[in-house]
Amino acid sequence: PLDPAYPRERIAHYLSDSQASVVVTQDALRPELPATQAKIITVDSLPVNGPSASEAVTTNVTSAATGADLAYLIY
1 PLDPAYPRER
11 IAHYLSDSQA
21 SVVVTQDALR
31 PELPATQAKI
41 ITVDSLPVNG
51 PSASEAVTTN
61 VTSAATGADL
71 AYLIY
């Protein structure tokens, strides 16, 4: 998580250093983000109505990731 109270320079460093490919934020906080190459997704723009239970995918997603792969960074 990125605390919006952090200085912009600190947030910019975190995004750059972690090579974040996606940032999930709120519309109200979007202008506070520093310039980044990451894709910005605002939760306010996500659809409210997801697939119904009958349309939901019931199989596991495949991934090359293992338990030894880094999941997050803590600064």
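The sequence shown: position 68 = 68 (UniProt numbering), numbered continuously.
For glycine and all other residues, C-beta sits at the position ideal for the given N, C-alpha and C.
Next item on the list: Give the C-beta separation of residue 77 and L33 to the nearest angstrom, bearing in mind that I take them to be a contact with Cβ-Cβ under 8 Å.
Entry: Look at the range of the chain in this structure, 1 to 75, and you will see that residue 77 is not part of it.
Next item on the list: Can you grab the Cα-Cα spacing for the pair P47 / L29, in whole Å?
Entry: Using only the alpha carbons, I get a separation of about 19 Å.
Next item on the list: Return the residue from the list V22, V57, E55 and D27 that minimises the CA-CA distance to I40.
Entry: Checked all of V22, V57, E55 and D27; the closest Cα to I40 is V22.
Margin query: Using only the alpha-carbon positions, how far apart do N60 and T66 sit?
Written below: Rounded to whole angstroms, N60 to T66 spans 15 Å at the Cα level.
Notebook entry, point to check: Any idea if L15 is buried or exposed, counting beta-carbon neighbours within 10 angstroms, 16 or more meaning buried?
Noted result: By the C-beta density criterion, L15 is buried, having at least 16 other C-beta atoms within 10 angstroms.
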